[in-house]
Amino acid sequence: TLRAAAAAAEAGLPLSRHLVRHLATTVRPLPVPWPPEAREELVTLLGAGESTVGVWEALEAEGIITRLLPDWERVHCRPQRNPVHTWTVDRHLVETAARASSLTRRVHRPDLLLVAALFHDIGKGWPGDHSVAGEVIARDMATRIGFDKHDVGVIATLVRHHLLLVDTATRRDLDDPATVRSVAEAVSTASTLELLHALTEADALATGPAAWSTWRASLVADLVKRVAAVLAGEAPEEPEEAAPSAEHERLAIEALRTGEPALTLHTHPEEPAGDGEAEPVGVELLIALPDRPGVLPAAAGVLALHRLTVRAADLRAVELPNEVGERADLLLLSWRVAAEYGSLPQAVRLRADLVRALDGSLDIRARLAEREAAYPRRRGVKAPPP
């Protein structure tokens, strides 16, 4: 069965309905663990690229997949809980393997990448954290299909941490050595990091257009580079503070002259990593303002009030001579933000609200509480995982 499926996928041909039904009536359970030949045919099938999807679905429709991999039944036609996903859980797993097939030349063990791609969300068929549950299930499935103890451990680690790189890269400070060390401790080896990097990209590309972009890819690549250096025994690089840009200097001078915040918004198109047109979904927000107590909470509150999500932030303090020759302390804030939904706010409106927040005429906490109270409360409802 696997031999016929692998041959069809490699040739880019569909399996005829008659043949699949014949295979369904004649297929026999494979011994556990599978013989090496069967495992190799599975890997060949998964590595065939886009043609894998049609062949796999033909086998799945006749129940052949669940006979080969009983745990697959729990994800068969299972809907996703997060709307970012394009496909059902089972289709997403196969799509991820198809995407991973184009990345196999980047890794030393393509077989582990392809199988981990097929199993990475298998835990969604069980209650609890799907990564934690998936690690257990993937370990059992990898053992069933004949991988040795070491390879089983690698596959289980990839499944357990398949969200680690993208979550860390987009939500944590990569200049913090503790952040990089925590990822290095989780992956343990450079070879596992290499596989996890490829799996992360394949998973995101198979999820949907909103899940991967050049921005996310660059952050993940930066994290991987830093983790690889730690695993190689190199000391983490100390971040170098870049000199203020001309735009920052202009804003700082304006803030010093007026005694109030000066800001500007620069729209940056975020290009999809695959095919598609760039969309202006992110902006760089530059703010210069006199340093005084409450500045950061006020700025963060105004961003929250305007439903702006912070993707990256940088803060630096500078001194400039004022009109009487004394040194005045200023803060330069650089934020990479994106609208939660809808259009981006105007810079004039942001500045006006920031001025009001700083002078006390705008009660940020009350406004946010008022907005929160407008939503019906649903007890026990949590945001769905990816």
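FYI, in our numbering the residues of the sequence shown are 14 to 399. In this text, a Cβ means the ideal position worked out from N, Cα and C, and glycines have one as well. Keep in mind that this is a model prediction, so the values were computed, not measured.
Rounded to the nearest angstrom, what separates residue i and residue j at their Cα positions?
{"i": "Val337", "j": "Gly272", "result": "Here Val337 scores only 42 on pLDDT, less than 50, and its place in the model should not be relied on; the value that follows carries that caveat. Going from the Cα of Val337 to the Cα of Gly272 covers about 14 Å."}
{"i": "Ser231", "j": "Ala21", "result": "36 Å"}
{"i": "Pro310", "j": "Ile377", "result": "9 Å"}
{"i": "Arg87", "j": "Glu54", "result": "23 Å"}
{"i": "Ala370", "j": "Pro274", "result": "11 Å"}
{"i": "Arg80", "j": "Thr192", "result": "42 Å"}
{"i": "Thr227", "j": "Leu43", "result": "43 Å"}
{"i": "Gly289", "j": "Asp180", "result": "Only weak support exists for where Gly289 lies, its pLDDT of 45 falling under 50; the value from the coordinates is given anyway. The straight-line gap from Cα to Cα measures roughly 24 Å."}
{"i": "Arg119", "j": "Arg173", "result": "21 Å"}
{"i": "Ala291", "j": "Thr156", "result": "Unreliable placement is indicated for Ala291, whose pLDDT of 43 sits below 50; no coordinate value is reported for it."}
{"i": "Gly287", "j": "Leu58", "result": "For Gly287, the pLDDT reaches just 49, beneath the cut-off of 50, and the residue's location in the model is therefore unreliable, although a value from the coordinates is still provided. Each residue's Cα considered, the two are about 24 Å apart."}
{"i": "Gly166", "j": "Leu125", "result": "10 Å"}
{"i": "Leu375", "j": "Leu177", "result": "39 Å"}
{"i": "Ile77", "j": "Thr117", "result": "26 Å"}
{"i": "Trp100", "j": "Pro306", "result": "49 Å"}
{"i": "Thr65", "j": "Phe132", "result": "15 Å"}
{"i": "Leu343", "j": "Gly246", "result": "39 Å"}
{"i": "Ser29", "j": "Val149", "result": "35 Å"}
{"i": "Glu50", "j": "Phe160", "result": "12 Å"}
{"i": "Gly393", "j": "Gly221", "result": "Reliability fails at Gly393, whose pLDDT of 48 lies under 50, so the model's placement of it is uncertain and the value that follows must be treated cautiously. About 28 Å."}
{"i": "His31", "j": "Ile135", "result": "30 Å"}
{"i": "Pro397", "j": "Trp69", "result": "In this prediction, Pro397 has a pLDDT of 47, which is less than 50 and means its spatial position is unreliable; what the coordinates show is noted afterwards. Their Cα atoms are separated by approximately 28 Å."}
{"i": "Pro140", "j": "Asp84", "result": "14 Å"}
{"i": "Asp153", "j": "Ala326", "result": "42 Å"}
{"i": "Leu333", "j": "Leu302", "result": "12 Å"}
{"i": "Thr183", "j": "Ala17", "result": "42 Å"}
{"i": "Ala19", "j": "Glu63", "result": "13 Å"}
{"i": "Ser356", "j": "Ser195", "result": "37 Å"}
{"i": "His279", "j": "Arg349", "result": "10 Å"}
{"i": "Asn95", "j": "Tyr388", "result": "20 Å"}
{"i": "Leu72", "j": "Ala248", "result": "50 Å"}
{"i": "Ala268", "j": "Ala199", "result": "45 Å"}
{"i": "Thr38", "j": "His89", "result": "20 Å"}
Round the Cβ separation of residue i and residue j to the nearest angstrom and send it over; I've been treating them as touching at under 8 Å.
{"i": "Leu187", "j": "Asp235", "result": "6 Å"}
{"i": "Val102", "j": "Arg91", "result": "4 Å"}
{"i": "Val233", "j": "Thr202", "result": "That belief does not hold up - the Cβ atoms of Val233 and Thr202 are roughly 18 Å apart, past 8 Å."}
{"i": "Ala265", "j": "Leu345", "result": "6 Å"}
Starting from the Cα of residue i, find the closest Cα among the options and give me that residue.
{"i": "Arg380", "options": "Ala317, Val350, Ser347", "result": "Ala317"}
{"i": "Arg324", "options": "Thr14, Ala313, Val331", "result": "Ala313"}
{"i": "Val33", "options": "Ala24, Ala74, Pro44, Gly62", "result": "Ala74"}
{"i": "Asp164", "options": "Ala223, Leu367, Leu127, Val196", "result": "Leu127"}
{"i": "Ala241", "options": "Ala223, Thr205, Asp342, Glu262", "result": "Thr205"}
{"i": "Leu298", "options": "Leu333, Asp366, Ser347", "result": "Ser347"}
{"i": "His35", "options": "Thr14, Glu50, Val167, Leu276", "result": "Thr14"}
{"i": "His175", "options": "Arg185, Gly159, Ala211, Asp161", "result": "Ala211"}
{"i": "Ala351", "options": "Asp134, Glu332, Thr322, Val361", "result": "Thr322"}
{"i": "Val315", "options": "Leu328, Pro358, Pro83, Val296", "result": "Pro358"}
{"i": "Tyr354", "options": "Arg320, Ala330, Asp134, Asp366", "result": "Arg320"}
{"i": "Leu208", "options": "Thr280, Glu247, Ala113", "result": "Ala113"}
{"i": "Thr170", "options": "Gly147, Arg185, Arg184, Asp189", "result": "Gly147"}
{"i": "Ala365", "options": "Val56, Asp327, Thr277, Asp304", "result": "Thr277"}
{"i": "Val361", "options": "Arg329, Trp85, Ile300", "result": "Ile300"}
{"i": "Ala130", "options": "Leu302, Ala182, Val56, Val68", "result": "Val56"}
{"i": "Lys402", "options": "Gln93, Ile168, Thr109", "result": "Residue 402 is absent from the model: the chain starts at 14 and stops at 399."}
{"i": "Ala197", "options": "Ala217, Asp189, Leu244, Ala215", "result": "Leu244"}
{"i": "Trp47", "options": "Thr38, His121, Leu82", "result": "Leu82"}
{"i": "Glu23", "options": "Ala387, Ala151, Ala111, His261", "result": "Ala111"}
{"i": "Pro123", "options": "Val308, Thr39, Ala215, Thr38", "result": "Ala215"}
{"i": "Gln190", "options": "Ala199, Glu262, Arg239, Ile168", "result": "The amino acid at residue 190 is misidentified as Gln; the sequence shows Pro. Comparing Cα-Cα distances from Pro190 to each of Ala199, Glu262, Arg239, Ile168, the minimum goes to Arg239."}
{"i": "Val368", "options": "Val308, Ala386, Glu267, Ala382", "result": "Val308"}
For residue i, verify whether its CB is less than 8 Å away from any heavy atom of the ligand NAP.
{"i": "Thr205", "result": "For the structure depicted, the ligand NAP is absent and the ligand set is empty, with no information on it obtainable."}
On the criterion of 16 or more Cβ atoms from any shown chain inside 10 Å, does residue i qualify as buried, or is it exposed?
{"i": "Asp372", "result": "exposed"}
{"i": "Leu26", "result": "exposed"}
{"i": "Pro293", "result": "In this prediction, Pro293 scores a pLDDT of 42, lower than 50, which makes its location untrustworthy; no coordinate-derived value is stated."}
{"i": "Val237", "result": "buried"}
{"i": "Arg104", "result": "buried"}
{"i": "Ser144", "result": "buried"}
{"i": "Val97", "result": "exposed"}
{"i": "Arg52", "result": "buried"}
{"i": "Leu218", "result": "buried"}
{"i": "Ala224", "result": "buried"}
{"i": "Arg41", "result": "exposed"}
{"i": "Arg384", "result": "exposed"}
{"i": "Leu328", "result": "exposed"}
{"i": "Arg270", "result": "exposed"}
{"i": "Thr400", "result": "Here the chain comprises residues numbered 14 to 399, so residue 400 is not present and cannot be evaluated."}
Counting only C-beta atoms, is residue i closer than 9 Å to chain C at any point?
{"i": "Gly307", "result": "Note that chain C does not occur in the displayed structure, where there is just one protein chain."}
At what residue ranges does the region 78-157 contain a whole run of the alpha helix (DSSP H), taking only runs of 4 or more? Annotation note: the region 78-157 contains the following uninterrupted alpha helix (DSSP H) runs of length 4 or greater, listed N- to C-terminal: 102-114, 123-132, 143-157.
Fill in: Inside the region 300-335 only - alpha helix (DSSP H) runs reaching at least 4 residues
Correct list: 308-318.
**Q.** Contiguous beta strand (DSSP E) assignments of at least 3 residues, all confined to the region 346-386
**A.** If you keep only unbroken beta strand (DSSP E) runs of at least 3 residues inside the region 346-386, you get nothing at all.
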